[in-house]
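A.B. asks:
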Amino acid sequence: MINSESGTQQIKLISAEFMTFQTISMETTTWFSQEDFVLISDGQPIDYQISNQEERDGHVTLTLMLDRSVDIERCYEIVFLNQERYRVRPSRIVRTLLFDSRYSYEGPLGLVMQKETMTLYVWSPLAEQIECVLYTPEEEELETIELVRAERGVHRLELPRQREHCLYRYRVTTYLGTTEIVDPYAKAISVNGRFGVLLDVEHEIRQRFPKRQKRPILIKPTDAIVYEAHIRDFTIDPSSGSTHPGQYVGVSESGTVSPEGRTTGLDYLLELGVTHMQLLPVHFFSTTEEKSRLPYNWGYDPEQWFALAGSYASNPSDPTVRILEYVEMIERLHAAGIRVTFDVVMNHVYIRERSALEHLVPGYYFRYELDGTLANGTGVGNDTASERFMMRRLIVDCLTYFAEVFRIDAFRFDLMGIHDIETMNAVRSALDVIDPTILVYGEGWDLATPLPYRQKAISSLASQMPGIAHFNDVFRDALKGSTFSETDRGFISGDGWREGEVRNGMAGSVTIAHQTDGRFPEPTYSINYVEAHDNHTLYDKLLLSRPDLEEPTRLRMSRLAQTIIFLSAGIPFIHAGQEFGRTKQGVENSYNAPDAINRLDWTLRDKHFEMVEYLKNILQIRRMHGGFRLHRANQIQELFHFLPMRPGVIAYEVEAVHSYDAWQRTLVVHNVTMEPVEVALDHSRWNVHVQGDYASVTPIEKGVAQITVLPLSTTIATC
Numbered sequence: 017m018i019n020s021e022s023g024t025q026q027i028k029l030i031s032a033e034f035m036t037f038q039t040i041s042m043e044t045t046t047w048f049s050q051e052d053f054v055l056i057s058d059g060q061p062i063d064y065q066i067s068n069q070e071e072r073d074g075h076v077t078l079t080l081m082l083d084r085s086v087d088i089e090r091c092y093e094i095v096f097l098n099q100e101r102y103r104v105r106p107s108r109i110v111r112t113l114l115f116d117s118r119y120s121y122e123g124p125l126g127l128v129m130q131k132e133t134m135t136l137y138v139w140s141p142l143a144e145q146i147e148c149v150l151y152t153p154e155e156e157e158l159e160t161i162e163l164v165r166a167e168r169g170v171h172r173l174e175l176p177r178q179r180e181h182c183l184y185r186y187r188v189t190t191y192l193g194t195t196e197i198v199d200p201y202a203k204a205i206s207v208n209g210r211f212g213v214l215l216d217v218e219h220e221i222r223q224r225f226p227k228r229q230k231r232p233i234l235i236k237p238t239d240a241i242v243y244e245a246h247i248r249d250f251t252i253d254p255s256s257g258s259t260h261p262g263q264y265v266g267v268s269e270s271g272t273v274s275p276e277g278r279t280t281g282l283d284y285l286l287e288l289g290v291t292h293m294q295l296l297p298v299h300f301f302s303t304t305e306e307k308s309r310l311p312y313n314w315g316y317d318p319e320q321w322f323a324l325a326g327s328y329a330s331n332p333s334d335p336t337v338r339i340l341e342y343v344e345m346i347e348r349l350h351a352a353g354i355r356v357t358f359d360v361v362m363n364h365v366y367i368r369e370r371s372a373l374e375h376l377v378p379g380y381y382f383r384y385e386l387d388g389t390l391a392n393g394t395g396v397g398n399d400t401a402s403e404r405f406m407m408r409r410l411i412v413d414c415l416t417y418f419a420e421v422f423r424i425d426a427f428r429f430d431l432m433g434i435h436d437i438e439t440m441n442a443v444r445s446a447l448d449v450i451d452p453t454i455l456v457y458g459e460g461w462d463l464a465t466p467l468p469y470r471q472k473a474i475s476s477l478a479s480q481m482p483g484i485a486h487f488n489d490v491f492r493d494a495l496k497g498s499t500f501s502e503t504d505r506g507f508i509s510g511d512g513w514r515e516g517e518v519r520n521g522m523a524g525s526v527t528i529a530h531q532t533d534g535r536f537p538e539p540t541y542s543i544n545y546v547e548a549h550d551n552h553t554l555y556d557k558l559l560l561s562r563p564d565l566e567e568p569t570r571l572r573m574s575r576l577a578q579t580i581i582f583l584s585a586g587i588p589f590i591h592a593g594q595e596f597g598r599t600k601q602g603v604e605n606s607y608n609a610p611d612a613i614n615r616l617d618w619t620l621r622d623k624h625f626e627m628v629e630y631l632k633n634i635l636q637i638r639r640m641h642g643g644f645r646l647h648r649a650n651q652i653q654e655l656f657h658f659l660p661m662r663p664g665v666i667a668y669e670v671e672a673v674h675s676y677d678a679w680q681r682t683l684v685v686h687n688v689t690m691e692p693v694e695v696a697l698d699h700s701r702w703n704v705h706v707q708g709d710y711a712s713v714t715p716i717e718k719g720v721a722q723i724t725v726l727p728l729s730t731t732i733a734t735c
């Protein structure tokens with residue numbers, strides 16, 4: 017109870033927050049004066065003035081102006097005359113530019129190994145105390161040691177090398193209380209991510225692999241052919257023939273065959289001719305219990321970004337096994353000439369309240385709406401705030417770690433539009449220092465996150481992110497129909513109105529005067545695809561949108577859509593199994609569906625082997641002839657020309673890049689109609705390489721003056 021001008025009444029403080037380093041905002045249920053309370057820190061009063069007081073919706077808001085800047089790690093309290101005390105929270109001040117300016121830190125983080133010692137660094141300007149709790153490998157508590165606070169909010173602890181292989185966690189105390197967390201920079205973790213592990217990861221890798229494979233050669237981005245697979249899906253079905261089903265090493269296992277003796281696994285990838293294998297997330301995620309490897313999950317719910325998932329390791333209980341088997345997989349793929357793409361899921365965390373980042377610096381690492389509620393552009397309850405210095409730094413640190421230590425060759429960003437342009441450019445610059453041939457691409461969707469439009473890393477602003485490619489969803493939907501409507505049809509399944517968008521995609525989505533209206537400045541910005549792990553497979557989409565057709569017709573549509581993608585300017589992308597009619601039994605979002613839905617059924621590879629052979633030859637034609645891999649807009653504008661044709665038929669000619677190219681002129685005609693089309697040529701010295709069900713790098717017909725383009729097919733003629 018206190019006395020005020022309005023008499024004796026009860027004051028209820030709803031909130032008290034630092035808005036700046038010299039401003040506090042208080043919300044109460046009553047009006048009161050400066051004499052009604054004091055502001056103290058460590059028992060000492062702090063001078064202030066009430067600069068503003070206003071009432072809205074029955075609540076009173078006060079603004080306190082302090083006479084000096086506060087030390088954010090100290091405790092500040094409002095104390096009323098009745099001795100009730102309220103903590104002033106710094107939950108908003110951490111989201112200010114001044115906070116970043118004062119506490120941005122560029123020194124070491126995580127575990128740093130020296131000859132006789134090892135040092136732990138963790139960043140938390142708000143922490144009142146951080147202790148390192150060491151545990152034995154059997155998870156028994158060993159000792160607790162307090163970290164020393166150093167410059168710009170970092171805390172450090174030096175330990176003897178004898179403590180290597182111990183488990184550890186941080187016991188962090190902030191204004192929210194005390195919690196034990198796993199180091200967000202932990203590079204080795206125990207089973208199910210319960211503890212960090214004091215392990216010299218780079219030493220372990222050098223010991224096991226003293227001579228590392230070089231990255232396979234990649235001259236330019238449009239030379240890439242990306243193949244996306246989930247580690248478990250790729251080999252879990254018995255039809256894969258794998259002796260390590262569902263594991264890291266199973267991905268790179270050679271000598272495996274299907275039930276009918278055709279190649280599967282790594283040998284199949286080599287036969288198909290892909291250059292990059294994109295693996296769904298390997299960040300540690302907790303929705304799959306690592307020992308039982310159940311329940312199934314894609315892994316787009318990360319908890320530890322620097323540490324690897326153990327459910328794909330042969331022994332999840334040994335912290336080194338997942339690391340060494342992941343490296344072994346990469347080494348084998350590199351030895352076979354295949355680069356590896358890392359799926360980056362840093363736009364959100366699985367559960368914010370459980371996140372180590374939230375306990376270390378509450379309110380900092382996540383994005384908020386103006387009303388103080390959490391942003392949810394990701395649709396999973398939280399968006400990371402890449403625009404803040406230490407979140408941006410965490411993203412760059414994580415990617416450069418995987419590029420340097422594991423020799424990852426490409427990074428695919430999940431929901432890249434959540435991130436900001438400056439962060440993506442920082443990623444590109446950091447990777448360029450390591451190897452400029454490392455690809456960076458992502459989902460540049462414009463999502464409802466409270467970041468100014470001009471700052472979003474979205475496809476419509478692609479020109480502001482040089483060297484970063486975007487999934488071309490416009491091209492995808494133009495070909496097969498909208499992913500948001502099961503029955504919507506695309507150009508290959510009967511919607512002729514999408515022809516203009518398909519032409520744009522074929523030309524790398526760059527502008528050709530009077531012919532295309534491009535969305536990208538260069539073809540290298542366009543990831544061309546018709547199917548990915550998200551949404552219905554192409555086979556299922558065609559089944560839903562064209563139930564009136566027989567399966568052979570739908571398969572021809574599928575083959576034609578893929579042929580268009582493979583021959584278009586840009587970077588072709590293949591979802592594992594699309595080339596032999598992969599189905600998920602109509603399940604649109606199979607992120608937690610069982611193996612029966614998600615498995616790669618290699619018996620379909622046997623059933624549709626003729627389609628595989630055809631598409632394999634199309635990819636070989638792409639690799640052999642530079643006209644299909646143009647990487648500059650001016651090349652396309654000079655060498656790529658569309659020809660006038662009837663509706664439903666798209667024809668274009670590509671001239672040779674060099675005078676010594678075997679194909680000086682290449683004519684490509686795609687026919688999505690149900691009728692054959694005759695095309696007269698300008699002389700009789702043309703050779704046909706693709707027609708109907710046949711595709712070949714050597715001519716299947718020579719010296720022709722006219723070609724026939726069969727229904728739902730492609731014809732390629734050269735001279």
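Position one of the sequence shown corresponds to residue 17 (this note's numbering), numbered consecutively onward.
We put the CB at the ideal spot given by N, CA and C, even for glycine.
Between which two residues does the beta strand (DSSP E) holding residue 31 run?
C.D. replies: Residue numbering aside, residue 31 sits at position 15 when the sequence shown is read from its first letter. Per DSSP, the unbroken beta strand (DSSP E) holding residue 31 starts and ends at 29-36.
A.B. asks: How many angstroms separate the CA atom of residue 288 from the CA atom of residue 163?
C.D. replies: Within the sequence shown, residue 288 is the residue found at index 272, counting from 1. Within the sequence shown, residue 163 is the residue found at index 147, counting from 1. For residue 288 and residue 163, the distance between alpha carbons rounds to 53 Å.
A.B. asks: Tell me the DSSP secondary structure of residue 134 in three-state form.
C.D. replies: Translated into the one-based positions of the sequence shown, residue 134 becomes position 118. Three-state result, residue 134: strand.
A.B. asks: Does the count of Cβ pairs from the stretch 116-132 and the stretch 94-108 closer than 8 Å reach three?
C.D. replies: no
A.B. asks: Going along the chain, which residues of its own chain have a beta-carbon closer than 7 Å to the beta-carbon of residue 159, five neighbours each way excluded?
C.D. replies: Start at 1 with the first residue of the sequence shown, and residue 159 comes out as number 143. Taken in chain order, the residues that qualify are 150.
A.B. asks: Which two residues bound the contiguous alpha helix (DSSP H) that contains residue 320?
C.D. replies: Looking up residue 320 in the sequence shown gives position 304. Counting along the chain, residue 320 falls outside any alpha helix (DSSP H), though it belongs to the beta strand (DSSP E) covering 318-324.
A.B. asks: Under 7 Å between the Cβ atoms of residue 562 and residue 249?
C.D. replies: In the sequence shown, the residue the question calls residue 562 occupies position 546. In the sequence shown, the residue the question calls residue 249 occupies position 233. No.
A.B. asks: Report yes if the C-beta distance between residue 557 and residue 496 is below 7 Å; otherwise report no.
C.D. replies: For this step, residue 557 is matched to residue 541 along the sequence shown. For this step, residue 496 is matched to residue 480 along the sequence shown. Yes.
A.B. asks: Tell me the DSSP secondary structure of residue 723 in three-state form.
C.D. replies: Taking the first residue of the sequence shown as position 1, residue 723 is located at position 707. Residue 723: strand per DSSP, three-state reduction.
A.B. asks: With DSSP run on the structure shown, which of helix, strand or coil describes residue 203?
C.D. replies: Taking the first residue of the sequence shown as 1, we reach residue 203 at position 187. Three-state result, residue 203: coil.
A.B. asks: Among 319, 418, 630, 184, which one has its Cα closest to the Cα of residue 346?
C.D. replies: The count along the sequence shown starts at 1 and reaches residue 346 at position 330. Relative to residue 346, the option among 319, 418, 630, 184 whose CA is nearest is 418.
A.B. asks: Do you know offhand how far residue 45's Cα is from residue 76's?
C.D. replies: Sequence index remark: in the sequence shown, residue 45 carries index 29 (1-based). Sequence index remark: in the sequence shown, residue 76 carries index 60 (1-based). When rounded, the distance between both Cα atoms is 6 Å.
A.B. asks: Tell me, to the nearest whole angstrom, how far the beta carbon of residue 696 is from that of residue 705; I am working on the premise that it is less than 8 Å.
C.D. replies: The sequence position of residue 696 within the sequence shown is 680, counting from 1. The sequence position of residue 705 within the sequence shown is 689, counting from 1. So it is not a contact: roughly 18 Å between Cβ atoms.
A.B. asks: Using 8 Å as the Cβ pair cut-off and three pairs as the minimum, do the stretch 642-653 and the stretch 476-488 touch?
C.D. replies: no
A.B. asks: With distances taken between CB atoms, is the gap from residue 746 to residue 456 smaller than 7 Å?
C.D. replies: Not covered by the structure: residue 746. The range shown for the chain is 17 to 735.
A.B. asks: Is the beta carbon of residue 285 sitting closer than 7 Å to the one on residue 359?
C.D. replies: Taking the sequence shown and counting its residues from 1, the one referred to as residue 285 is at position 269. Taking the sequence shown and counting its residues from 1, the one referred to as residue 359 is at position 343. Cβ distance not < 7 Å, so residue 285 and residue 359 don't count as in contact.
A.B. asks: Have a look at 387, 453, 372, 59 and flag the residue whose alpha-carbon is nearest the alpha-carbon of residue 423.
C.D. replies: The residue you call residue 423 lines up with position 407 of the sequence shown. Nearest of 387, 453, 372, 59 to residue 423, Cα basis: 453.
A.B. asks: Would you tell me roughly how many angstroms separate the C-alpha atoms of residue 716 and residue 583, rounded to the nearest one?
C.D. replies: To locate residue 716, count along the sequence shown from 1; it is residue 700. To locate residue 583, count along the sequence shown from 1; it is residue 567. The alpha-carbon atoms of residue 716 and residue 583 are separated by roughly 19 Å.
A.B. asks: Rank 103, 447, 539 by C-alpha distance to the C-alpha of residue 90 and give the top, closest one.
C.D. replies: Position 74 of the sequence shown, counted from the start, is the residue given in the question as residue 90. Residue 103 is the option with its Cα nearest to residue 90.
A.B. asks: Between which residues of its own chain and residue 535 is the CB-CB distance below 6 Å, once the five residues before and five after are set aside?
C.D. replies: Counting from one through the sequence shown, the residue named residue 535 turns up at place 519. Taken in chain order, the residues that qualify are 525.
A.B. asks: So, helix, strand or coil for residue 736, using DSSP?
C.D. replies: The chain is shown only over 17 to 735; residue 736 falls outside these bounds and no answer can be derived.
A.B. asks: Taking the runs of the beta strand (DSSP E) that are 3 residues or longer, which of them lie wholly in the stretch 321-383?
C.D. replies: 355-360
A.B. asks: Assess, as a yes-or-no matter, whether the stretch 187-201 is touched by the stretch 371-379 under the definition of 3 or more beta carbon pairs within less than 8 Å.
C.D. replies: yes
A.B. asks: Taking a contact to mean a Cβ-Cβ separation below 7 Å, would you say residue 183 touches residue 217 in this structure?
C.D. replies: Position 167 of the sequence shown, counting from 1, holds the residue named residue 183. Position 201 of the sequence shown, counting from 1, holds the residue named residue 217. In this structure, residue 217 does not lie closer than 7 Å to residue 183 by Cβ.
A.B. asks: Between which two residues does the alpha helix (DSSP H) harbouring residue 638 extend?
C.D. replies: Looking up residue 638 in the sequence shown gives position 622. Its alpha helix (DSSP H) spans residues 625-640.
A.B. asks: Just the Cα atoms here: how many angstroms apart are residue 443 and residue 63?
C.D. replies: For the purposes of this step, residue 443 is taken as residue 427 along the sequence shown, with counting starting at 1. For the purposes of this step, residue 63 is taken as residue 47 along the sequence shown, with counting starting at 1. Residue 63 has its alpha-carbon roughly 45 Å from the corresponding atom of residue 443.
A.B. asks: Just to confirm, are residue 537 and residue 241 a CB contact at a threshold of 7 Å?
C.D. replies: The residue labelled residue 537 in the question sits at position 521 within the sequence shown. The residue labelled residue 241 in the question sits at position 225 within the sequence shown. In this structure, residue 241 does not lie closer than 7 Å to residue 537 by Cβ.
A.B. asks: What's the call for residue 304, buried or exposed, on a 16-neighbour Cβ count within 10 Å?
C.D. replies: Here the question's residue 304 lines up with position 288 in the sequence shown. So residue 304 ends up on the buried side.
A.B. asks: What is the DSSP secondary structure of residue 586, counted as helix, strand or coil?
C.D. replies: What you label residue 586 is simply residue 570 of the sequence shown in a count that begins at 1. Coil, per DSSP.
A.B. asks: What three-state label does DSSP hand residue 612 in the structure shown?
C.D. replies: Along the sequence shown, read from residue 1 onward, the residue named residue 612 stands at position 596. Here residue 612 sits in helix by DSSP.
A.B. asks: Going straight from the alpha carbon of residue 273 to that of residue 253, what length do you get?
C.D. replies: As a working mapping, residue 273 is identified with position 257 in the sequence shown. As a working mapping, residue 253 is identified with position 237 in the sequence shown. Cα-Cα distance, rounded: 12 Å.
A.B. asks: Ends of the alpha helix (DSSP H) at residue 281?
C.D. replies: Stepping through the sequence shown from its first residue, residue 281 is reached at position 265. Start and end: 281-288.
A.B. asks: From the DSSP output, in three-state form, read off residue 422 for me.
C.D. replies: Sequence index remark: in the sequence shown, residue 422 carries index 406 (1-based). The answer is coil: DSSP assigns residue 422 none of H, G, I, E or B.
A.B. asks: The beta strand (DSSP E) that contains residue 119, what's its start and end?
C.D. replies: Counting from one through the sequence shown, the residue named residue 119 turns up at place 103. Residue 119 -> not in any beta strand (DSSP E); alpha helix (DSSP H) instead, spanning 113-119.
A.B. asks: Quick check on DSSP: helix, strand or coil for residue 18?
C.D. replies: As a position in the sequence shown, residue 18 is number 2, starting the count at 1. Any reading at residue 18 is ruled out, since the residue's pLDDT is 37, under 50, leaving its predicted position unreliable.
A.B. asks: Is residue 596 closer than 7 Å to residue 571 when the C-beta atoms are compared?
C.D. replies: What you label residue 571 is simply residue 555 of the sequence shown in a count that begins at 1. What you label residue 596 is simply residue 580 of the sequence shown in a count that begins at 1. Taking 7 Å as the cut-off, the beta carbon of residue 571 is found no closer than this to the beta carbon of residue 596.
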